[in-house]
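Undergrad: Here it is, the structure in full.
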Amino acid sequence: MGLQGPNTAEWFQRAKSALVDGVSSGFRYWGDDDTMVIARGEGAHVYDMDGNRYIDYQLGFGPIILGHGHPDVAAAVAEAAAEGTTFAMTTAREIEAAEAFRDAVPWVDALRFTNTGTEATMHAIRLARAHTGREIIVKFEGAYHGAHDYVLFSTSDAPIASLGNRRSPVPLQESSGVPEAIRSLIRVVPFNDLEAMERLFRDEGHRIAAMIVEPMLGNFCGVMPEDGYLEGLRRICDEHGSVLIFDEVKTGFRMGLGGASEAFSVVPDLATFAKSLGNGFPVAAIAGRDEFIQDWAVGGVMQAGTYSGNAIGAAAAKATIDILATGKPLASVERSGTALMNGIEGILAEEGVPGHVVGHWSMFGISFSEEAPREYRDYVNHDEDLYAEVIMGMIRRGVMPVDDAREPWFLSAAHSAEDIALTLEAFGDALQDAKR
Ligand code: PMP
0 MGLQGPNTAE WFQRAKSALV DGVSSGFRYW GDDDTMVIAR GEGAHVYDMD
50 GNRYIDYQLG FGPIILGHGH PDVAAAVAEA AAEGTTFAMT TAREIEAAEA
100 FRDAVPWVDA LRFTNTGTEA TMHAIRLARA HTGREIIVKF EGAYHGAHDY
150 VLFSTSDAPI ASLGNRRSPV PLQESSGVPE AIRSLIRVVP FNDLEAMERL
200 FRDEGHRIAA MIVEPMLGNF CGVMPEDGYL EGLRRICDEH GSVLIFDEVK
250 TGFRMGLGGA SEAFSVVPDL ATFAKSLGNG FPVAAIAGRD EFIQDWAVGG
300 VMQAGTYSGN AIGAAAAKAT IDILATGKPL ASVERSGTAL MNGIEGILAE
350 EGVPGHVVGH WSMFGISFSE EAPREYRDYV NHDEDLYAEV IMGMIRRGVM
400 PVDDAREPWF LSAAHSAEDI ALTLEAFGDA LQDAKR
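Take the sequence shown: its letters are residues 0 to 435, numbered as in numbering that gives the first Met the number 0.
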């Protein structure tokens, strides 16, 4: 039996006839019986078309840091919408949002807004190539940086067996339609292996424009960088004149007000932000130190977008940052995230199921394996079937993480102690059922 109730199933049939597979983004299709249709969200909860309530840990794949439909963000957006949204000219809202952004992330000298993380990483990569006059980009196995051609290699969709030898990893093209020529400009490296990175730069450092890194693997289980690892990447980029890009699309305004660079005390040259920057409204940014980002002003490097800096996104960003800057929301996320991670660890130990909770209180993953994962290749040790069964059991009990352990659980400031208690109960019951 699938997850859809009768009304949800009926709406999904309509969705399928109008939208390809009934979705607007491929990751949302869970099969014909399990793809959900959502009526609304409120705080930490979402409701399907049958009125069933779920405690939401997908949070739109991360953006909903304050909870769904946050009234202050909604009011700011409504006010902006009524005053016109898109002018082909800079607005006061956009300036205020950029100033608030810079106050929140103090290493940033300047930024430009875009609408999506995909756009942001595409522009950051072009800027780095322009700055260095080099073409090769280094990314990590299991990292996702959006849907454009430059980065669709060896993401967390890649079959591990096809990644090649660890010492000479093969950049695995993740989609038909990505030109073969781009593959020659990509190098992939396993995360948390500084020696592998040093080897690559010894051979090719003079050709490497940039390294793009999710400071923690937000698209693989929430794997954290080991002590000294990000510092090592910083040093290697400095030694070789390559640009260090932090992709903070998931970590930004989530791991802390200042994102991962603040949490890990490592400063990149450029960084991309989206998701929690706008609490679910489409707004993103490329931010950087002047030495790099001012190449746009120097000229000769293209960045543009009709909707970049539009009033809706700018209003959402300003309101979200102002609320986050009070410190209260992230303190609440830390409380609930820590309680949930500890609770799950406790249940795994009690039930004697080999497993690990990895990551950060704001986003974490669960790996059903003897050893905690350190990099994407460790996914082979994870019991996917058990995980999928536990998550399906949880969804039937009204708790909604993603059914795939590679995508982390996300916490919001709206998750209450009661939500956490209900979630732990559902996890324990679903795990016991799955064991049987
Ligand atoms: N970078 C990272 C780290 C992401 O997780 C994502 C989306 N999950 C993107 C970039 C792309 O962002 P968007 O979906 O807004 O294009």
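Virtual Cβ for every residue (Gly too), placed ideally from N, Cα, C.
Is residue 155 helix, strand or coil when you go by DSSP?
TA: Reduced to three states, the DSSP call for residue 155 is coil.
Undergrad: I need the residues with a C-beta less than 6 Å from some heavy atom of the ligand PMP; please give them in chain order.
TA: Answer in sequence order: 60, 115, 116, 117, 120, 143, 144, 145, 213, 217, 218, 246, 248, 249 and 273.
Undergrad: Among residues of its own chain, excluding the 5 on either side of residue 436, which ones have a beta-carbon nearer than 7 Å to its beta-carbon?
TA: With the chain covering only 0 through 435, there is no way to say anything about residue 436.
Undergrad: Span of the beta strand (DSSP E) holding residue 366?
TA: Residues 362 to 366.
Undergrad: If the criterion is Cβ atoms closer than 9 Å, does the pair residue 228 and residue 278 meet it?
TA: No, Cβ-Cβ distance for residue 228 and residue 278 is not below 9 Å.
Undergrad: By a C-beta neighbour count over all protein chains shown, 10 Å radius and 16 as the cutoff for buried, is residue 71 buried or exposed?
TA: By the neighbour-count rule (16 or more Cβ atoms within 10 Å), residue 71 is not buried but exposed.
Undergrad: Below 8 Å on the Cβ atoms is my contact criterion, and I expect residue 178 with residue 148 to pass it. Report the Cβ-Cβ distance as a whole number of Å.
TA: Indeed, because the Cβ distance is near 6 Å, the residues count as touching under 8 Å.
Undergrad: My assumption, with CB atoms under 8 Å, is that residue 316 sits in contact with residue 352. Please give the rounded CB distance.
TA: Contact doesn't hold; Cβ gap of about 41 Å is too wide.
Undergrad: Rounded to the nearest angstrom, what separates residue 17 and residue 10 at their Cα positions?
TA: Approximately 11 Å between the Cα atoms of the pair.
Undergrad: What do you get for residue 105, buried or exposed, if any count of 16 or more other CB atoms within 10 angstroms of its CB means buried?
TA: Exposed, by the Cβ-count rule.
Undergrad: Taking only the alpha-carbon atoms, compute the straight-line gap between residue 319 and residue 120 and give it to the nearest angstrom.
TA: Straight-line Cα distance between these residues: approximately 22 Å.
Undergrad: Please look up how many angstroms separate the CB atoms of residue 242 and residue 209, rounded, as I've assumed it's under 8 Å.
TA: Right, the Cβ-Cβ distance comes to about 4 Å (below 8 Å), so this counts as a contact.
Undergrad: Just grab the DSSP bridge partners of residue 52 for me.
TA: For residue 52, which the question treats as bridged, DSSP gives the partners 46.
Undergrad: Please give me, in chain order, every unbroken run of the alpha helix (DSSP H) with length at least 4 that falls completely inside the region 290 to 353.
TA: Counting only runs of 4 or more, we get 294 to 297, 310 to 323 and 327 to 350.
Undergrad: Counting C-beta neighbours from all protein chains within 10 Å, is the total for residue 221 16 or more, i.e. buried, or is it exposed?
TA: Flag for residue 221 reads buried.
Undergrad: Give the straight-line distance between the Cα atoms of residue 384 and residue 67, rounded to the nearest whole angstrom.
TA: Answer to the nearest angstrom: the Cα atoms are 30 Å apart.
Undergrad: Compute the minimum distance between the beta carbon of residue 298 and the heavy atoms of the ligand ADP, and state whether it is under 8 Å.
TA: Absence of the ligand ADP from the depicted structure is noted, with the ligand PMP being the only ligands included.
Undergrad: Which same chain residues end up closer than 8 Å to residue 140 when comparing Cβ atoms and leaving out the 5 residues on each side of it in sequence?
TA: Around residue 140: 153, 157, 162, 168, 187, 188, 189, 190, 374, 375 and 376.
Undergrad: Counting pairs of Cβ atoms below 8 Å between the region 255 to 275 and the region 43 to 55, do you hit three or more?
TA: Too few Cβ pairs lie closer than 8 Å, so no.
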